[in-house]
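Numbered according to this note's numbering, the sequence shown spans residues 1 to 215.
These notes concern the structure reproduced below.
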Amino acid sequence: MTEKRMGSTFGPKNCEMLTVFIDDINMPEINEWGDQITNEIVRQVVESSMVYDLGLAGRRKELRGLVYMAAMSHPSGGKNDIPNRLKRHFSVFNVPLPEESSVQQIFGVIFESRFCNDNYARGVQDIAKMLTQMSISFWRAIGKRMLPTPDKFHYFFNLRDLSRITQGVMMAGMFNDPDRPEKKRLPANHGRRSPMPCLWCGYGSMSALASSVTN
């Protein structure tokens with residue numbers, strides 16, 4: 001991505017600009033003094049636009065043409081914050097989850113466009129209108145029940161997980177019989193599979209949670 005320009009200066013090829021994106025910048029462990037050693041190296045690069053050569057002691061490598069972006073989750077529930085010395089170099093934008101009414105409108109339109117048409121009986125269409133609230137309730141229940149901890153820091157659920165549940169329901173073949181119980185269990189069945197990469201050790205809890213939402 002970078003090449004040597006002149007002397008000890010390095011930068012993107014053809015003197016272009018390069019955006020460096022750092023995801024989960026708050027993931028490094030905090031030591032007993034409250035410091036994040038890994039982020040101190042990041043701070044040095046962002047602040048001074050240079051790194052030291054590990055091969056030659058004291059030799060600096062100047063970095064030019066780099067723009068830095070980073071993302072992190074809110075510092076709570078096992079998630080760390082980043083040091084203020086690093087944070088001050090960024091313009092911070094807080095992007096919270098949308099209101100539930102907005103989420104219902106977005107995914108409600110998706111479900112209605114799929115199932116509320118002449119290809120399905122009226123009873124099926126009525127059940128399809130319930131899928132939005134059931135999917136959202138299941139997604140919210142997972143987030144409240146499966147809280148992140150230092151050893152399970154991946155227990156973090158956002159709209160991407162709700163989209164996976166919705167995608168699974170959309171791909172399911174809907175029976176044209178409104179009395180079939182499988183329809184009401186669609187969000188739970190696909191919800192078990194969708195977030196399962198980060199919930200493989202809690203399948204029993206997931207099953208109980210799904211039953212409480214859909215029954």
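Glycine included, each C-beta is placed from N, C-alpha and C at the ideal position.
Taking 7 Å as the cut-off, the beta carbon of residue 115 is found no closer than this to the beta carbon of residue 132.
A direct Cα-Cα distance of roughly 57 Å separates residue 125 from residue 32.
Where residue 30 is concerned, there is no enclosing beta strand (DSSP E), because DSSP gives it neither an H nor an E.
Contact between the stretch 47 to 61 and the stretch 90 to 103 is absent: fewer than three C-beta pairs spanning the two stretches fall below 8 Å. Residue 11 is positioned such that its CB atom lies no closer than 7 Å to that of residue 88.
Using a C-beta cut-off of 8 Å, the stretch 67 to 79 makes no contact with the stretch 33 to 41, since fewer than three inter-stretch Cβ pairs fall below that distance. When DSSP states are grouped into helix, strand and coil, residue 159 belongs to the helix group. In the DSSP assignment, residue 63 falls within the beta strand (DSSP E) that extends over 60 to 63. The continuous beta strand (DSSP E) containing residue 5 extends over residues 2 to 6.
Per DSSP, the unbroken alpha helix (DSSP H) holding residue 141 starts and ends at 122 to 145. Under the three-state reduction of DSSP, residue 115 is assigned to helix. Of 130, 134, 48, 2, the smallest CA-CA separation from residue 13 is found for 2.
In the three-state scheme derived from DSSP, where H, G and I count as helix and E and B as strand, residue 108 is classed as helix. Leaving aside the five residues that flank residue 4 on each side, the residues in its chain whose CB is nearer than 6 Å to its CB run, in chain order, 10.
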